[in-house]
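Here full-length UniProt numbering is used: the sequence shown runs in plain steps of one and ends on residue 407.
One structure below.
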Amino acid sequence: MKIVDKRNALLRSQTSSYRRRPRSTIRNIAIHHSATTSGSAEAFARYHVNELGWPGIGYHYVVDRNGQISHCHDIEVVSYHVGNSNRYAIGICMVGDFRTQTLTKEQRQATLRLTRKLMDDLAISVDNVWGHDEFPGYAWKPCPSINMQNFRNRLTRRGGSYEEIEVDKSFTNDQQQRTILSIGDQGSDVKEIQQRLDELGFNPGPLDGIYGSQTEDAVIRFQRTAAIKVDGVVGPQTREQLDRFEHKDERELASPTDEPDENSTMYEEESRRLLRLLRPMMRGEDVREVQEKVGAVPDGLYGPETERRVQAFQRDQNILVDGIVGPQTWRALDRISENGVGYERLLSIQSPYMRGQDIRRVQRELGITADGLFGPQTETAVRDFQRAEGITVDGIVGPQTWARLFQ
């Protein structure tokens with residue numbers, strides 16, 4: 001796995017900078033595609049700075065089609081790529097438009113290895129490796145346009161253990177980034193100049209990293225167009241103009257929606273996980289808390305039944321029905337424990353029967369045997385009550401039915 005360090009080589013804003021965070025706050029790895037058939041860290045940095053006005057490139061890493069990885073920011077940098085979740089996530093962008101293209105073998109393997117290395121370094125579980133469209137507020141966005149469940153499965157092997165992925169410890173510090181480039185020079189920095197000239201339509205010949213006569217001619221033509229000193233040499237002035245030169249046909253990934261907005265405080269204060277159905281299933285006390293409130297079996301595993309109960313709860317609350325417990329659903333769950341008379345969870349008939357003091361209270365209010373078990377008799381009594389009240393008749397005690405019982 002070849003990683004090229006470009007942290008000090010990419011275009012940055014001269015008037016603003018990204019803030020930083022402790023490593024301990026990082027809990028997600030965000031996977032993106034560029035939504036372009038070609039591109040590079042340099043091209044994305046130019047677009048994000050020149051067009052969007054951002055402090056720098058939005059991604060921490062960019063993975064090229066050939067599997068080369070560009071390291072763009074320290075992981076402590078809070079860059080723009082997943083809106084109000086920026087504070088908690090590291091962004092990896094794979095070059096390509098995967099709505100129409102497929103990942104190359106080299107690109108997929110490099111992205112998996114990089115992701116696994118970050119998971120190891122930061123103790124991030126596979127459950128917290130998300131596609132852009134899996135972050136709160138981004139279900140509409142076709143990014144990364146790959147099957148994220150398959151991607152997560154590739155990070156793990158059956159039984160939950162991780163694949164053994166060798167990580168090349170060598171790390172190129174991009175020392176080939178020279179101040180002056182001229183005819184006869186060779187290297188990755190020459191190739192980057194050639195790629196940029198080619199993007200701008202100046203045709204430098206083969207993109208081979210060799211500063212030959214065709215590249216020199218392209219530089220001269222660019223210098224004339226940019227109205228700067230014409231000498232066929234790429235120095236600081238030419239490099240700056242290449243970075244800032246506008247090309248109307250250029251289109252790169254990311255948009256102002258990836259910047260944090262006025263709701264960012266809400267997300268930053270939300271310390272709980274986003275819970276949803278995954279393979280392997282998410283587990284924990286937070287899952288159990290949700291299950292108790294929506295009436296699922298409280299086994300601490302977020303399975304299909306829990307997803308269905310969450311969807312029923314969301315439908316009852318008139319919020320987005322997606323089976324995912326994100327900030328909006330967490331807030332709705334919090335509200336139901338604050339409103340009414342002790343409402344805590346959806347009550348319904350299940351196998352085995354649900355039991356508890358809240359069921360006993362419902363039974364007493366309905367005037368039936370208060371045994372604390374939600375069986376057929378209780379369901380029938382609930383349906384009769386709902387019918388009499390003119391509300392949805394489903395035999396389930398949700399927030400609306402509870403409120404009518406105890407108002």
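The beta carbon of each residue, even a glycine, is placed where N, CA and C say it ideally should be.
(Q) Taking the beta carbon of E134 as the centre, do at least 16 other beta carbons fall within 10 Å, making it buried, or is it exposed? (A) The residue in question, E134, is buried, as its Cβ has 16 or more Cβ neighbours within 10 Å.
Q: For T369, name the three-state secondary structure that DSSP assigns.
A: Three-state result, T369: coil.
(Q) Once the 5 residues before and after V78 are set aside, which same chain residues still bring their CB inside 7 Å of it? (A) Excluding residues within five positions, the ones whose Cβ falls inside 7 Å are Y18, R19, R20, R21, N86 and R87.
Q: Following the continuous beta strand (DSSP E) through D5, name the residue where it begins and the one where it ends.
A: Segment I3 to D5, the beta strand (DSSP E) holding D5.
Q: Note down the Cα distance separating L114 from P352, rounded to an integer number of angstroms.
A: One alpha carbon belongs to L114, the other to P352, and they sit about 45 Å apart.
Q | Cβ-Cβ separation, G91 to H60 (assumed contact under 8 Å), whole Å | A | Sure, about 5 Å apart at Cβ, within 8 Å.
Q) Using the C-alpha atoms, what's the distance from K191 back to D208? A) Answer to the nearest angstrom: the Cα atoms are 6 Å apart.
(Q) If you follow the beta strand (DSSP E) that S70 is in, where does it begin and where does it stop? (A) From DSSP, the beta strand (DSSP E) with S70 extends over I69 to H71.
Q | Cut-off 7 Å between Cβ atoms - residues of its own chain near A370, not counting five sequence neighbours on either side | A | Counting only Cβ-Cβ distances below 7 Å, and skipping sequence neighbours, we find R360, Q363 and R364.
Q: Specify whether the stretch 146-157 and the stretch 40-58 touch according to this definition: at least 3 beta carbon pairs, one from each stretch, less than 8 Å apart.
A: Verdict: no, contact absent.
Q. In whole angstroms, what is the alpha-carbon distance linking A2 and D97?
A. It should be noted that the sequence gives Lys, not Ala, for residue 2. Straight across, the Cα-Cα distance linking K2 with D97 is about 22 Å.
**Q.** Residues sharing a beta bridge with M94, DSSP
**A.** Per DSSP, H33 and V63.
**Q.** Continuous alpha helix (DSSP H) stretch holding W140: start and end
**A.** That residue, W140, is in no alpha helix (DSSP H); it is neither H nor E in DSSP.
Q) Any idea if P35 is buried or exposed, counting beta-carbon neighbours within 10 angstroms, 16 or more meaning buried? A) Checking the sequence shown, residue 35 turns out to be Ala, not Pro. It is buried - the Cβ of A35 has at least 16 other Cβ atoms within 10 Å.
Q) From the DSSP output, which residues share a beta bridge with I210? A) According to DSSP, I210 bridges with Q186.
Q.
According to DSSP, is L10 part of a helix, a strand, or is it coil?
A. Three-state DSSP puts L10 in coil, outside helix and strand.
**Q.** For N28, three-class secondary structure by DSSP
**A.** In the structure shown, N28 sits in a strand (DSSP, three-state: E or B).
Q: Below 8 Å on the Cβ atoms is my guess for T37 versus Q101; work out the distance and round it to an integer in Å.
A: Confirmed, about 6 Å.
Q) Does the separation of the CB atoms of V321 and Q328 fall below 8 Å? A) No, the pair does not count as a contact, with Cβ atoms beyond the cut-off.
Q) Between the Cα of H73 and the Cα atoms of R7, L405 and W402, which residue gives the shortest distance? A) In terms of Cα proximity to H73, the closest of R7, L405 and W402 is R7.
**Q.** Nearest to L366 (by Cα), restricted to the options N28, L405 and L242
**A.** The shortest C-alpha separation from L366 is found at L405.
(Q) Using the three-state DSSP reduction, which class does G205 fall into: helix, strand or coil? (A) Annotated three-state conformation of G205 is coil, per DSSP.
Q) Under the three-state reduction of DSSP, which class applies to G58: helix, strand or coil? A) Under the three-state reduction of DSSP output, G58 falls in the coil class, being neither helix nor strand.
**Q.** P236 versus G67: straight-line alpha-carbon distance, rounded
**A.** Their backbone Cα atoms lie some 29 Å apart in a straight line.
(Q) Rounded to the nearest angstrom, what separates G212 and S182 at their Cα positions? (A) G212 and S182: Cα-Cα distance of roughly 9 Å.
Q.
Taking the straight line between their C-alpha atoms, what separation do you get for N173 and A227?
A. Low local confidence applies: a pLDDT of 42 at N173 is under 50, so the model's placement there is unreliable, and no value is given.
Q | Cα-Cα separation, T104 to R65 | A | Near 6 Å, if we compare the C-alpha coordinates of R65 and T104.
Q: Put T392 into one of helix, strand or coil per three-state DSSP.
A: In the three-state reduction of the DSSP assignment, T392 falls in the coil class.
Q. Which word fits K141, buried or exposed, when buried means at least 16 other C-beta atoms lie within 10 angstroms of its C-beta?
A. With 16 or more other Cβ atoms within 10 Å, it is buried.
Q: Report yes if the CB atom of G300 is closer than 8 Å to the CB atom of R309, and no otherwise.
A: One thing to note: G300 has its Cβ no nearer than 8 Å to the Cβ of R309.
Q. Taking the alpha-carbon positions, what's the V230 to E199 distance?
A. Each residue's alpha carbon lies about 20 Å from the other.
Q) Going by alpha carbons, who is nearest to F385 out of T401, L373 and A110? A) Minimum Cα distance to F385 is reached at T401.
**Q.** Supposed contact pair Q107 and M94 - C-beta distance, whole angstroms, cut 8 Å
**A.** Yes, they are in contact, since the Cβ atoms of M94 and Q107 sit about 6 Å apart, within 8 Å.
Q. Going by other Cβ atoms of all chains shown within 10 Å of its Cβ, with 16 needed for buried, is S16 buried or exposed?
A. Within a 10 Å sphere around the beta-carbon of S16 sit fewer than 16 other beta-carbons, which makes this residue exposed.
Q: Round the Cβ separation of G56 and L10 to the nearest angstrom and send it over; I've been treating them as touching at under 8 Å.
A: With a Cβ gap of about 7 Å, G56 and L10 count as contacting.
Q. Around the Cβ of R387, are there at least 16 other Cβ atoms within 10 angstroms (buried) or fewer (exposed)?
A. The residue is exposed, with fewer than 16 neighbouring Cβ atoms inside 10 Å.
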